[in-house]
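*Asks:* Dropping the structure in here first, questions after.
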Amino acid sequence: MTKKAPLNPKLPPRSNTLWQWLKFQLVACKLSLSKLAEHPWGFIITNCVIALGLSLPIILFLLLKNISPLQSSLTGTTQISVFTHTKATDQHIKTLGKLLEKNPNLKRIDYIGPKEALDEFKAFASFQLAIKSLAENPLPGVYVVEPKDHFIEQHQLTRLAKQLSQLNHVESVQLDLAWAERLMRFSTLSKRIFFSVSILLGLALTLIIYNSLRLLLNQSHDEIRIMAILGGTRHFIQRPYLYLGAFYGFTSALLSLLIIQLIYWWLKAPVDSFSRLYHSQMGLQNINLLEAGILIIISMLLSSLSAWLTTRHYLKKLQLC
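Read in order, the letters of the sequence shown correspond to residues 1 to 321 in full-length UniProt numbering.
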């Protein structure tokens, strides 16, 4: 009498299943490396093209990274000139000074009296003749105030200047934002260029890998057919090419980082000498480990996505998908 098979057969141990999965991944990885070894020059040239494409958005990103502290430091030293009424008495000017000192948005206040302002004009030869012809000093007193560091946006500075102009004994308020506005517009333009170039070059990277793998698939047409006849599943056929795409992304990202590092070393000495010339602490910032890791991950994801699209389209055309 034969024994009946159990209704609920035991599943294979999970460790065996994991080992088989790792074994399949290792086989796929070896197959992808063997394909690279068959066409080394094609792999090298494709990597160089992708690396050069990746380097451009990184350079734009580093440009923005180095502009940001410059923008903050320059905007942080913005000065607002608060002109008093010409008929304001000394008591009125002192009262205005106390109001400005109590303002929580100001970190520095300096007063330039009418006589001091006139002496500054006398230092210029072109004004001396005109000043001598004046019967009395027409210049008002002026408080030169510096906003706190968190006032970095144009609308914040404009609102603060409007508040100061509404104080008693204030004739006018002058805020020169021309340079700050130019810097902000350049920063905004650079950010948009960075995102636009990044998107375009991401698409270019996808198309380059798509075309490279399509050529490789065409060369391996007979091999793929035989694997399918022998029972190879779509995932088994597709897996080596996915690893190949990931290799493209990883190696091209590393090559791109090497290019950026060489450019950084080439520019660092001139930037440092320029900073010393103007007694500035500004230094050239390089890409850090986190940013490098993000670049490698993005490059590998785009490359793997491109490989997946390429192989899926090709296998579908062969009616294997």
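Think of the CB as a built atom: it goes at the ideal place given N, C-alpha and C, for glycine as much as any other residue.
Remember, predicted model here, so these are calculated numbers, not experimental data.
1) Could you check whether S252 and N47 sit closer than 7 angstroms to each other, using their CB atoms as the reference points?
2) If I measure Cβ to Cβ from C29 and keep anything under 7 angstroms in the same chain, skipping five residues before and after, which residues do I get?
3) Count the C-beta pairs between the region 200-209 and the region 266-276 that are closer than 8 angstroms, then say yes if the count reaches three, no if not.
4) Can you tell which of S299, A307 and S172 has its C-alpha closest to the C-alpha of L215?
5) For Y143, which residues does DSSP report across the bridge?
6) Would you mind stating whether residue 343 and S81 have Cβ atoms separated by less than 7 angstroms?
7) Is L255 closer than 7 angstroms to A51 when the C-beta atoms are compared?
8) Restricting to runs no shorter than 4 residues, where is the alpha helix (DSSP H) found entirely within the UniProt domain "ABC3 transporter permease C-terminal" (196-313)?
9) Based on Cα-Cα distance, which residue from L301, I260 and V173 lies nearest to L284?
10) Provide the residue span of the alpha helix (DSSP H) that contains Q154, from first to last.
11) Have a look at T311 and L18 and give me their C-alpha separation to the nearest angstrom.
12) Alpha carbons only, please: which of L257, M300, P114 and L309 is nearest the one belonging to I59?
13) With C-beta atoms as the reference, is V241 less than 7 angstroms away from S303?
14) Classify H313 as buried or exposed, calling it buried when 16 or more other Cβ atoms lie within 10 Å of its own Cβ.
15) What residues in its chain sit with their C-beta under 8 angstroms from that of Q20, if we drop five residues either side in the sequence?
16) Return the first residue and the last residue of the beta strand (DSSP E) that L175 is part of.
17) Which of the three DSSP states is assigned to L318 in this structure?
*Replies:* In short:
1) yes
2) Y243
3) no
4) A307
5) V82 and Y111
6) With the chain running from 1 to 321 in the structure shown, residue 343 is simply not present.
7) yes
8) 221-229 and 234-277
9) I260
10) Q154 to S165
11) 25 angstroms
12) L257
13) Looking at the sequence provided, one finds Tyr at residue 241 rather than Val. Going by C-beta atoms, Y241 is not nearer than 7 angstroms to S303.
14) exposed
15) none
16) V170 to L175
17) coil
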